[in-house]
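Each remark here refers to the structure printed beneath this line.
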Amino acid sequence: MAHGRDQGDLKGKKYEIDMTHGPLLPKILLFAVPLLFSSVLQLLFNAADIVVVGRFGADGAHSIAAVGSTGSIINLIVSLFIGLSVGVNVLAARYYAAGEKQNMSETVHTSICLSLIGGVLIGALGFAIARPVLIMMKTPAEVLPLATLYMRIYFLGAPVLFLYNAGSSILRAIGDTRRPLYFLIISGVINVALNLLFVIVFRLDVAGVAIATVISEAVSAGLILMCLIRTGESYRLILSRIRIHGHKLALILQIGVPAGLQSMIFSFSNVLIQSSVNSFGSIAMAGNAAAANLEGFVYMSMNAVYQASVSFTSQNYGVGDMKRVNRVLFTCLATVAVIGLAMGNLFYLCGHGLLSLYTSDPVAIEFGMKRMGVICTLYLLCGMMDAVCGSIRGLGYSVVPMVVSLIGACGFRILWIYTYFSTHRSLTVLYWSYPISWAMTGAVHLICYFLIRKHLIAMMSKERKTT
(Lines of atoms letter the chains of each structure in order from A and count residues from 1; the text may use other names and numbers.)
(Lines give C-alpha, C1' and ligand atoms only; values in the text may rest on other atoms or scores of the structure.)
Protein backbone atom coordinates (compact mmCIF):
# COMPACT_ATOMS: atom_id res chain seq x y z
CA MET A 1 0.00 0.00 0.00
CA ALA A 2 2.79 2.41 0.89
CA HIS A 3 4.60 1.59 -2.33
CA GLY A 4 1.45 2.42 -4.33
CA ARG A 5 1.15 5.78 -2.59
CA ASP A 6 4.79 6.64 -3.36
CA GLN A 7 4.19 5.95 -7.04
CA GLY A 8 1.14 8.21 -6.97
CA ASP A 9 3.13 10.94 -5.27
CA LEU A 10 5.86 10.76 -7.90
CA LYS A 11 3.27 10.91 -10.65
CA GLY A 12 1.75 14.07 -9.12
CA LYS A 13 5.14 15.69 -8.47
CA LYS A 14 6.08 15.68 -12.17
CA TYR A 15 3.44 18.41 -12.64
CA GLU A 16 4.86 20.62 -9.87
CA ILE A 17 7.27 23.58 -10.28
CA ASP A 18 9.98 24.54 -7.80
CA MET A 19 9.21 28.26 -7.54
CA THR A 20 11.77 29.07 -4.85
CA HIS A 21 15.01 28.02 -6.60
CA GLY A 22 16.65 28.43 -9.98
CA PRO A 23 16.09 30.84 -12.90
CA LEU A 24 12.72 32.61 -12.80
CA LEU A 25 11.76 33.36 -16.40
CA PRO A 26 11.75 29.73 -17.66
CA LYS A 27 9.71 28.64 -14.64
CA ILE A 28 7.26 31.52 -14.92
CA LEU A 29 6.78 30.63 -18.58
CA LEU A 30 6.43 26.94 -17.70
CA PHE A 31 3.71 27.96 -15.24
CA ALA A 32 2.04 30.60 -17.41
CA VAL A 33 2.03 28.98 -20.86
CA PRO A 34 -0.33 26.07 -19.97
CA LEU A 35 -2.49 28.57 -18.07
CA LEU A 36 -2.40 30.87 -21.10
CA PHE A 37 -3.52 28.03 -23.37
CA SER A 38 -6.20 27.09 -20.83
CA SER A 39 -7.53 30.65 -20.80
CA VAL A 40 -7.38 31.02 -24.59
CA LEU A 41 -9.12 27.67 -25.05
CA GLN A 42 -11.78 28.71 -22.55
CA LEU A 43 -12.36 31.88 -24.54
CA LEU A 44 -12.41 29.93 -27.81
CA PHE A 45 -15.13 27.75 -26.37
CA ASN A 46 -16.97 30.83 -25.10
CA ALA A 47 -16.52 32.43 -28.52
CA ALA A 48 -18.08 29.30 -29.99
CA ASP A 49 -21.24 30.22 -28.06
CA ILE A 50 -21.42 33.59 -29.81
CA VAL A 51 -20.33 32.27 -33.21
CA VAL A 52 -22.84 29.41 -33.19
CA VAL A 53 -25.83 31.55 -32.14
CA GLY A 54 -24.70 34.34 -34.48
CA ARG A 55 -24.48 32.02 -37.49
CA PHE A 56 -27.14 29.43 -36.75
CA GLY A 57 -29.49 31.04 -34.20
CA ALA A 58 -33.03 32.16 -35.01
CA ASP A 59 -31.99 35.83 -35.00
CA GLY A 60 -28.20 36.18 -35.25
CA ALA A 61 -27.67 39.81 -34.21
CA HIS A 62 -30.13 39.64 -31.31
CA SER A 63 -28.69 36.30 -30.14
CA ILE A 64 -25.13 37.70 -30.13
CA ALA A 65 -26.31 40.78 -28.26
CA ALA A 66 -28.15 38.59 -25.73
CA VAL A 67 -25.13 36.42 -24.93
CA GLY A 68 -22.59 39.27 -25.08
CA SER A 69 -24.55 41.76 -23.01
CA THR A 70 -24.83 39.38 -20.04
CA GLY A 71 -21.06 39.02 -19.58
CA SER A 72 -20.52 42.11 -17.46
CA ILE A 73 -23.46 41.26 -15.17
CA ILE A 74 -22.39 37.63 -14.77
CA ASN A 75 -18.85 38.75 -13.91
CA LEU A 76 -20.20 41.24 -11.39
CA ILE A 77 -22.26 38.61 -9.56
CA VAL A 78 -19.69 35.78 -9.53
CA SER A 79 -16.60 37.98 -9.04
CA LEU A 80 -16.85 38.11 -5.26
CA PHE A 81 -16.82 34.36 -4.85
CA ILE A 82 -14.29 33.67 -7.58
CA GLY A 83 -12.05 36.20 -5.84
CA LEU A 84 -11.95 33.78 -2.91
CA SER A 85 -9.94 31.40 -5.12
CA VAL A 86 -7.13 33.98 -4.89
CA GLY A 87 -7.20 33.56 -1.11
CA VAL A 88 -7.07 29.78 -1.55
CA ASN A 89 -4.15 30.09 -3.98
CA VAL A 90 -2.10 32.38 -1.72
CA LEU A 91 -2.61 30.23 1.39
CA ALA A 92 -2.04 26.91 -0.38
CA ALA A 93 1.15 28.16 -2.08
CA ARG A 94 2.53 29.47 1.21
CA TYR A 95 1.76 26.28 3.17
CA TYR A 96 3.03 24.02 0.40
CA ALA A 97 6.38 25.86 0.11
CA ALA A 98 6.79 25.80 3.90
CA GLY A 99 5.89 22.08 4.11
CA GLU A 100 2.95 22.66 6.48
CA LYS A 101 0.88 19.58 5.54
CA GLN A 102 -1.91 19.94 8.09
CA ASN A 103 -2.53 23.58 7.21
CA MET A 104 -2.49 22.65 3.51
CA SER A 105 -5.07 19.90 4.03
CA GLU A 106 -7.39 22.15 6.03
CA THR A 107 -7.14 24.83 3.33
CA VAL A 108 -8.10 22.33 0.62
CA HIS A 109 -11.15 20.95 2.43
CA THR A 110 -12.35 24.37 3.55
CA SER A 111 -12.12 25.79 0.02
CA ILE A 112 -14.09 22.91 -1.52
CA CYS A 113 -16.84 23.19 1.10
CA LEU A 114 -16.96 26.96 0.66
CA SER A 115 -17.26 26.63 -3.12
CA LEU A 116 -20.24 24.28 -2.81
CA ILE A 117 -22.10 26.56 -0.40
CA GLY A 118 -21.25 29.72 -2.33
CA GLY A 119 -22.16 28.16 -5.67
CA VAL A 120 -25.68 27.35 -4.50
CA LEU A 121 -26.20 30.80 -2.97
CA ILE A 122 -24.81 32.78 -5.92
CA GLY A 123 -26.65 30.57 -8.39
CA ALA A 124 -29.97 31.25 -6.68
CA LEU A 125 -29.23 34.99 -6.49
CA GLY A 126 -28.25 35.24 -10.15
CA PHE A 127 -31.32 33.31 -11.28
CA ALA A 128 -33.63 35.57 -9.27
CA ILE A 129 -32.25 38.96 -10.29
CA ALA A 130 -31.40 38.27 -13.94
CA ARG A 131 -34.36 40.04 -15.54
CA PRO A 132 -34.55 43.06 -13.17
CA VAL A 133 -30.83 43.77 -13.60
CA LEU A 134 -31.02 43.49 -17.39
CA ILE A 135 -33.93 45.94 -17.39
CA MET A 136 -31.96 48.28 -15.13
CA MET A 137 -29.13 48.14 -17.69
CA LYS A 138 -31.52 49.36 -20.40
CA THR A 139 -31.25 46.13 -22.39
CA PRO A 140 -33.37 46.60 -25.56
CA ALA A 141 -36.79 44.91 -25.47
CA GLU A 142 -35.99 42.67 -28.45
CA VAL A 143 -32.90 41.28 -26.64
CA LEU A 144 -34.27 41.07 -23.07
CA PRO A 145 -36.04 37.63 -23.19
CA LEU A 146 -33.04 35.86 -24.73
CA ALA A 147 -30.54 37.54 -22.37
CA THR A 148 -32.68 36.64 -19.34
CA LEU A 149 -32.92 33.00 -20.42
CA TYR A 150 -29.16 32.73 -20.99
CA MET A 151 -28.33 34.23 -17.59
CA ARG A 152 -30.73 32.01 -15.68
CA ILE A 153 -29.43 28.80 -17.21
CA TYR A 154 -25.84 29.94 -16.71
CA PHE A 155 -26.39 30.56 -12.99
CA LEU A 156 -27.85 27.09 -12.52
CA GLY A 157 -24.28 25.91 -13.16
CA ALA A 158 -22.68 28.18 -10.55
CA PRO A 159 -21.83 25.33 -8.08
CA VAL A 160 -19.73 23.42 -10.65
CA LEU A 161 -18.09 26.64 -11.85
CA PHE A 162 -17.01 27.49 -8.31
CA LEU A 163 -15.78 23.93 -7.66
CA TYR A 164 -13.60 24.12 -10.75
CA ASN A 165 -12.13 27.46 -9.69
CA ALA A 166 -11.38 26.28 -6.16
CA GLY A 167 -9.77 23.05 -7.40
CA SER A 168 -7.68 24.69 -10.10
CA SER A 169 -6.45 27.38 -7.65
CA ILE A 170 -5.11 24.57 -5.41
CA LEU A 171 -3.25 23.01 -8.35
CA ARG A 172 -1.87 26.42 -9.39
CA ALA A 173 -0.52 26.88 -5.86
CA ILE A 174 1.84 23.89 -6.34
CA GLY A 175 2.77 25.00 -9.86
CA ASP A 176 0.50 22.54 -11.71
CA THR A 177 -1.13 24.35 -14.62
CA ARG A 178 -0.88 21.45 -17.07
CA ARG A 179 -3.57 19.11 -15.78
CA PRO A 180 -6.24 21.87 -15.73
CA LEU A 181 -5.29 22.48 -19.39
CA TYR A 182 -5.86 18.82 -20.26
CA PHE A 183 -9.19 18.83 -18.44
CA LEU A 184 -10.24 22.01 -20.22
CA ILE A 185 -9.49 20.52 -23.63
CA ILE A 186 -11.80 17.60 -22.85
CA SER A 187 -14.64 19.75 -21.50
CA GLY A 188 -14.19 22.34 -24.25
CA VAL A 189 -14.58 19.80 -27.04
CA ILE A 190 -17.75 18.63 -25.31
CA ASN A 191 -18.93 22.26 -25.12
CA VAL A 192 -18.46 22.89 -28.85
CA ALA A 193 -20.09 19.59 -29.82
CA LEU A 194 -23.10 20.30 -27.61
CA ASN A 195 -23.33 23.88 -28.96
CA LEU A 196 -23.70 22.56 -32.49
CA LEU A 197 -26.09 19.81 -31.42
CA PHE A 198 -28.39 22.01 -29.34
CA VAL A 199 -28.46 25.02 -31.68
CA ILE A 200 -28.34 23.46 -35.17
CA VAL A 201 -30.16 20.17 -34.55
CA PHE A 202 -32.50 20.96 -31.64
CA ARG A 203 -32.94 24.68 -32.49
CA LEU A 204 -32.51 25.75 -28.85
CA ASP A 205 -30.70 28.97 -29.84
CA VAL A 206 -29.41 30.91 -26.78
CA ALA A 207 -30.71 28.28 -24.34
CA GLY A 208 -28.70 25.62 -26.18
CA VAL A 209 -25.34 27.35 -25.74
CA ALA A 210 -26.11 28.06 -22.08
CA ILE A 211 -26.94 24.40 -21.40
CA ALA A 212 -23.78 23.30 -23.24
CA THR A 213 -21.70 25.66 -21.09
CA VAL A 214 -23.11 24.26 -17.83
CA ILE A 215 -22.56 20.64 -18.89
CA SER A 216 -18.97 21.27 -19.99
CA GLU A 217 -18.20 23.12 -16.74
CA ALA A 218 -19.55 20.14 -14.79
CA VAL A 219 -17.16 17.85 -16.69
CA SER A 220 -14.12 20.05 -15.95
CA ALA A 221 -15.08 20.34 -12.27
CA GLY A 222 -15.44 16.56 -12.01
CA LEU A 223 -12.01 15.99 -13.53
CA ILE A 224 -10.36 18.51 -11.18
CA LEU A 225 -11.97 16.87 -8.14
CA MET A 226 -10.87 13.42 -9.32
CA CYS A 227 -7.31 14.75 -9.59
CA LEU A 228 -7.38 16.06 -6.01
CA ILE A 229 -8.94 12.85 -4.68
CA ARG A 230 -6.39 10.55 -6.31
CA THR A 231 -3.20 12.36 -5.27
CA GLY A 232 -1.12 11.21 -2.32
CA GLU A 233 0.26 14.69 -1.64
CA SER A 234 -0.68 17.17 1.10
CA TYR A 235 -3.34 18.71 -1.17
CA ARG A 236 -5.30 15.44 -1.32
CA LEU A 237 -9.09 15.78 -1.09
CA ILE A 238 -10.89 13.28 1.15
CA LEU A 239 -14.65 13.62 0.66
CA SER A 240 -15.52 12.65 4.25
CA ARG A 241 -13.32 15.50 5.54
CA ILE A 242 -14.95 18.28 3.54
CA ARG A 243 -15.92 20.92 6.08
CA ILE A 244 -15.19 24.49 7.10
CA HIS A 245 -12.11 25.04 9.28
CA GLY A 246 -12.77 28.37 10.96
CA HIS A 247 -9.20 29.70 11.04
CA LYS A 248 -8.55 28.80 7.39
CA LEU A 249 -11.89 30.28 6.36
CA ALA A 250 -10.95 33.56 8.07
CA LEU A 251 -7.60 33.67 6.24
CA ILE A 252 -9.18 32.82 2.88
CA LEU A 253 -11.77 35.54 3.41
CA GLN A 254 -9.12 38.03 4.57
CA ILE A 255 -7.29 37.70 1.23
CA GLY A 256 -10.10 36.57 -1.04
CA VAL A 257 -12.94 38.95 -0.15
CA PRO A 258 -10.97 42.12 -1.00
CA ALA A 259 -9.77 40.39 -4.19
CA GLY A 260 -13.36 39.51 -5.05
CA LEU A 261 -14.58 43.00 -4.19
CA GLN A 262 -11.89 44.43 -6.46
CA SER A 263 -13.14 42.21 -9.29
CA MET A 264 -16.67 43.36 -8.51
CA ILE A 265 -15.52 46.98 -8.65
CA PHE A 266 -14.07 46.48 -12.12
CA SER A 267 -17.15 44.52 -13.16
CA PHE A 268 -19.45 47.24 -11.81
CA SER A 269 -17.65 49.87 -13.84
CA ASN A 270 -17.95 47.57 -16.86
CA VAL A 271 -21.68 47.23 -16.22
CA LEU A 272 -21.95 51.05 -16.32
CA ILE A 273 -20.00 51.11 -19.58
CA GLN A 274 -22.17 48.29 -20.99
CA SER A 275 -25.26 50.32 -20.08
CA SER A 276 -23.81 53.27 -21.98
CA VAL A 277 -23.08 51.02 -24.97
CA ASN A 278 -26.66 49.72 -24.83
CA SER A 279 -27.91 53.27 -25.39
CA PHE A 280 -26.37 53.15 -28.88
CA GLY A 281 -28.67 50.26 -29.93
CA SER A 282 -28.51 46.50 -30.57
CA ILE A 283 -26.08 46.71 -33.54
CA ALA A 284 -23.56 48.62 -31.41
CA MET A 285 -24.11 46.03 -28.68
CA ALA A 286 -23.36 43.22 -31.12
CA GLY A 287 -20.12 44.87 -32.32
CA ASN A 288 -19.08 45.67 -28.76
CA ALA A 289 -19.77 42.08 -27.64
CA ALA A 290 -17.71 40.61 -30.49
CA ALA A 291 -14.77 42.98 -29.85
CA ALA A 292 -14.91 42.35 -26.10
CA ASN A 293 -14.81 38.61 -26.73
CA LEU A 294 -11.72 39.01 -28.94
CA GLU A 295 -10.03 41.21 -26.33
CA GLY A 296 -10.63 38.45 -23.84
CA PHE A 297 -7.98 36.35 -25.59
CA VAL A 298 -5.38 39.06 -24.95
CA TYR A 299 -6.55 39.65 -21.38
CA MET A 300 -6.51 35.98 -20.43
CA SER A 301 -3.04 35.57 -21.91
CA MET A 302 -1.83 38.41 -19.68
CA ASN A 303 -3.85 37.05 -16.77
CA ALA A 304 -1.75 33.86 -16.87
CA VAL A 305 1.23 36.01 -15.85
CA TYR A 306 -0.86 37.63 -13.10
CA GLN A 307 -1.61 34.14 -11.73
CA ALA A 308 2.11 33.38 -11.86
CA SER A 309 2.91 36.55 -9.91
CA VAL A 310 0.48 35.50 -7.15
CA SER A 311 1.80 31.93 -6.79
CA PHE A 312 5.52 32.69 -7.19
CA THR A 313 5.36 35.65 -4.81
CA SER A 314 3.43 33.67 -2.20
CA GLN A 315 5.80 30.68 -2.27
CA ASN A 316 8.94 32.84 -2.07
CA TYR A 317 7.43 34.93 0.71
CA GLY A 318 6.62 31.66 2.48
CA VAL A 319 10.32 30.78 2.57
CA GLY A 320 11.33 34.39 3.41
CA ASP A 321 13.20 35.22 0.18
CA MET A 322 12.23 38.88 -0.41
CA LYS A 323 14.95 39.50 -3.00
CA ARG A 324 13.45 36.78 -5.16
CA VAL A 325 9.99 38.27 -4.57
CA ASN A 326 11.25 41.48 -6.18
CA ARG A 327 12.69 39.54 -9.12
CA VAL A 328 9.34 37.80 -9.58
CA LEU A 329 7.57 41.14 -9.97
CA PHE A 330 9.92 42.60 -12.57
CA THR A 331 10.09 39.37 -14.54
CA CYS A 332 6.28 39.26 -14.64
CA LEU A 333 6.05 42.94 -15.63
CA ALA A 334 8.42 42.47 -18.57
CA THR A 335 6.66 39.27 -19.67
CA VAL A 336 3.17 40.72 -19.54
CA ALA A 337 4.24 43.89 -21.38
CA VAL A 338 5.57 41.84 -24.31
CA ILE A 339 2.43 39.68 -24.43
CA GLY A 340 0.03 42.64 -24.23
CA LEU A 341 1.86 44.75 -26.79
CA ALA A 342 2.27 41.95 -29.33
CA MET A 343 -1.13 40.28 -29.04
CA GLY A 344 -3.17 43.46 -28.56
CA ASN A 345 -1.80 45.17 -31.67
CA LEU A 346 -1.91 41.98 -33.75
CA PHE A 347 -5.59 41.53 -32.92
CA TYR A 348 -6.32 45.12 -33.87
CA LEU A 349 -4.49 44.82 -37.20
CA CYS A 350 -6.50 41.66 -37.98
CA GLY A 351 -9.67 43.15 -36.46
CA HIS A 352 -11.95 43.22 -39.51
CA GLY A 353 -11.27 39.59 -40.34
CA LEU A 354 -11.62 38.43 -36.75
CA LEU A 355 -14.85 40.36 -36.15
CA SER A 356 -16.34 38.92 -39.35
CA LEU A 357 -16.17 35.49 -37.67
CA TYR A 358 -18.80 36.73 -35.23
CA THR A 359 -21.06 38.75 -37.48
CA SER A 360 -21.43 39.59 -41.15
CA ASP A 361 -23.05 42.97 -40.40
CA PRO A 362 -20.56 45.65 -41.61
CA VAL A 363 -21.98 48.26 -39.24
CA ALA A 364 -21.50 45.94 -36.23
CA ILE A 365 -17.92 45.25 -37.40
CA GLU A 366 -17.14 48.98 -37.50
CA PHE A 367 -18.52 49.39 -34.00
CA GLY A 368 -16.23 46.56 -32.89
CA MET A 369 -13.20 48.19 -34.54
CA LYS A 370 -13.82 51.40 -32.60
CA ARG A 371 -13.49 49.49 -29.34
CA MET A 372 -10.44 47.49 -30.43
CA GLY A 373 -8.65 50.63 -31.69
CA VAL A 374 -8.57 52.04 -28.17
CA ILE A 375 -8.47 49.00 -25.89
CA CYS A 376 -6.47 46.34 -27.76
CA THR A 377 -3.60 48.65 -28.70
CA LEU A 378 -3.04 49.69 -25.08
CA TYR A 379 -3.96 46.46 -23.34
CA LEU A 380 -0.43 45.96 -21.95
CA LEU A 381 -1.29 48.66 -19.36
CA CYS A 382 -4.03 46.42 -17.95
CA GLY A 383 -1.69 43.43 -17.75
CA MET A 384 1.04 45.40 -16.00
CA MET A 385 -1.47 46.78 -13.52
CA ASP A 386 -2.64 43.23 -12.72
CA ALA A 387 0.91 41.86 -12.38
CA VAL A 388 1.74 44.38 -9.64
CA CYS A 389 -1.59 43.65 -7.99
CA GLY A 390 -0.76 39.90 -8.05
CA SER A 391 2.52 40.48 -6.25
CA ILE A 392 0.79 42.55 -3.55
CA ARG A 393 -1.78 39.78 -3.05
CA GLY A 394 0.94 37.14 -3.00
CA LEU A 395 2.42 38.99 -0.01
CA GLY A 396 -0.93 38.59 1.75
CA TYR A 397 -2.15 42.16 1.32
CA SER A 398 -5.50 42.29 -0.42
CA VAL A 399 -7.29 45.34 0.98
CA VAL A 400 -4.76 47.81 -0.45
CA PRO A 401 -5.28 46.90 -4.15
CA MET A 402 -9.03 46.80 -3.55
CA VAL A 403 -9.08 50.38 -2.26
CA VAL A 404 -6.79 51.60 -5.03
CA SER A 405 -9.02 49.94 -7.63
CA LEU A 406 -12.14 51.41 -6.07
CA ILE A 407 -10.74 54.89 -6.59
CA GLY A 408 -8.66 54.40 -9.72
CA ALA A 409 -10.97 52.15 -11.74
CA CYS A 410 -14.55 52.38 -10.58
CA GLY A 411 -14.43 55.94 -9.29
CA PHE A 412 -12.62 57.31 -12.32
CA ARG A 413 -14.85 55.50 -14.83
CA ILE A 414 -18.04 56.66 -13.13
CA LEU A 415 -16.67 60.22 -13.11
CA TRP A 416 -15.72 59.89 -16.80
CA ILE A 417 -19.18 58.62 -17.80
CA TYR A 418 -21.05 61.40 -15.97
CA THR A 419 -18.72 64.23 -16.96
CA TYR A 420 -16.63 64.03 -20.13
CA PHE A 421 -18.64 61.29 -21.85
CA SER A 422 -21.95 63.01 -21.11
CA THR A 423 -20.80 66.08 -23.06
CA HIS A 424 -18.87 64.17 -25.77
CA ARG A 425 -21.14 61.21 -26.43
CA SER A 426 -19.30 58.72 -28.62
CA LEU A 427 -18.16 55.14 -28.15
CA THR A 428 -14.52 56.12 -28.68
CA VAL A 429 -14.68 58.62 -25.83
CA LEU A 430 -16.36 55.99 -23.66
CA TYR A 431 -13.65 53.41 -24.37
CA TRP A 432 -10.80 55.78 -23.47
CA SER A 433 -11.84 55.44 -19.82
CA TYR A 434 -10.20 51.99 -19.83
CA PRO A 435 -6.52 52.71 -20.64
CA ILE A 436 -6.48 55.93 -18.59
CA SER A 437 -7.77 54.10 -15.51
CA TRP A 438 -5.29 51.22 -16.03
CA ALA A 439 -2.31 53.58 -16.14
CA MET A 440 -3.41 55.52 -13.05
CA THR A 441 -4.28 52.45 -10.99
CA GLY A 442 -1.12 50.56 -11.98
CA ALA A 443 1.16 53.43 -10.96
CA VAL A 444 -0.42 53.62 -7.49
CA HIS A 445 -0.24 49.81 -7.12
CA LEU A 446 3.51 49.95 -7.79
CA ILE A 447 4.06 52.58 -5.09
CA CYS A 448 2.04 50.48 -2.62
CA TYR A 449 4.06 47.35 -3.49
CA PHE A 450 7.37 48.98 -2.58
CA LEU A 451 5.96 50.36 0.68
CA ILE A 452 4.56 46.95 1.67
CA ARG A 453 7.78 45.15 0.73
CA LYS A 454 9.81 47.60 2.82
CA HIS A 455 7.48 47.04 5.79
CA LEU A 456 7.72 43.24 5.53
CA ILE A 457 11.53 43.29 5.30
CA ALA A 458 11.64 45.44 8.45
CA MET A 459 9.32 42.97 10.22
CA MET A 460 11.47 39.98 9.18
CA SER A 461 14.61 41.74 10.38
CA LYS A 462 12.99 42.51 13.73
CA GLU A 463 11.86 38.88 14.16
CA ARG A 464 15.38 37.58 13.46
CA LYS A 465 16.84 39.91 16.10
CA THR A 466 14.32 38.83 18.76
CA THR A 467 14.98 35.15 18.06
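For the sequence shown, the numbering used here assigns the number 635 to the initial residue and increments by one for each residue that follows. Using N, Cα and C, we set each Cβ at its ideal position, and we do this for glycine too. Quick caveat, the model's predicted, so the values are computed rather than measured.
Residue i - containing alpha helix (DSSP H), residue span
| i | result |
| --- | --- |
| residue 982 | 956-983 |
| residue 1083 | 1067-1100 |
| residue 735 | 735-770 |
| residue 1048 | 1046-1052 |
| residue 1033 | 1033-1039 |
| residue 851 | 839-864 |
| residue 1027 | 1014-1028 |
As assigned by DSSP and simplified to three states, the class of residue i
| i | result |
| --- | --- |
| residue 925 | helix |
| residue 817 | helix |
| residue 793 | helix |
| residue 669 | helix |
| residue 660 | helix |
| residue 807 | helix |
| residue 683 | helix |
| residue 777 | coil |
| residue 653 | coil |
| residue 704 | coil |
| residue 648 | coil |
| residue 995 | coil |
| residue 879 | coil |
| residue 798 | helix |
| residue 986 | helix |
| residue 1000 | helix |
| residue 1058 | coil |
| residue 952 | helix |
| residue 836 | coil |
| residue 913 | coil |
| residue 635 | The predicted model places residue 635 with a pLDDT of 33, which falls under 50 and marks its position as unreliable, so this point remains unresolved. |
| residue 870 | coil |
| residue 890 | helix |
| residue 930 | helix |
| residue 822 | helix |
| residue 721 | helix |
| residue 1127 | Because the chain spans 635 through 1101 in this model, residue 1127 falls outside it and cannot be assessed. |
| residue 691 | coil |
| residue 641 | A caution first: residue 641 carries a pLDDT of 42, below 50, which makes its placement in the model unreliable, though a value can still be read off. Correct three-state label for residue 641: helix. |
| residue 674 | helix |
Cβ separation of residue i and residue j, assumed to be a contact under 8 Å, to the nearest whole Å
| i | j | result |
| --- | --- | --- |
| residue 899 | residue 1029 | Going by Cβ atoms, the distance from residue 899 to residue 1029 rounds to 20 Å, so no, they are not a contact pair. |
| residue 741 | residue 725 | 5 Å |
| residue 928 | residue 974 | Their Cβ separation, rounded to whole angstroms, is 14 Å, which puts residue 928 and residue 974 out of contact at 8 Å. |
| residue 796 | residue 679 | Contact doesn't hold; Cβ gap of about 18 Å is too wide. |
| residue 945 | residue 674 | Not a contact, Cβ separation roughly 19 Å. |
| residue 846 | residue 832 | 6 Å |
| residue 962 | residue 913 | Rounded, the Cβ-Cβ distance is 43 Å, inconsistent with contact. |
Distance CB(residue i)-CB(residue j) smaller than 9 Å
| i | j | result |
| --- | --- | --- |
| residue 1012 | residue 911 | no |
| residue 683 | residue 701 | yes |
| residue 814 | residue 659 | no |
| residue 723 | residue 806 | yes |
| residue 969 | residue 663 | yes |
| residue 748 | residue 871 | no |
| residue 650 | residue 858 | no |
| residue 687 | residue 823 | no |
| residue 794 | residue 848 | yes |
| residue 728 | residue 940 | no |
| residue 932 | residue 977 | yes |
| residue 842 | residue 829 | yes |
| residue 965 | residue 695 | no |
| residue 699 | residue 919 | yes |
| residue 745 | residue 798 | no |
| residue 896 | residue 1036 | yes |
| residue 778 | residue 768 | yes |
| residue 752 | residue 790 | no |
| residue 706 | residue 917 | no |
| residue 1022 | residue 1090 | no |
| residue 985 | residue 1010 | yes |
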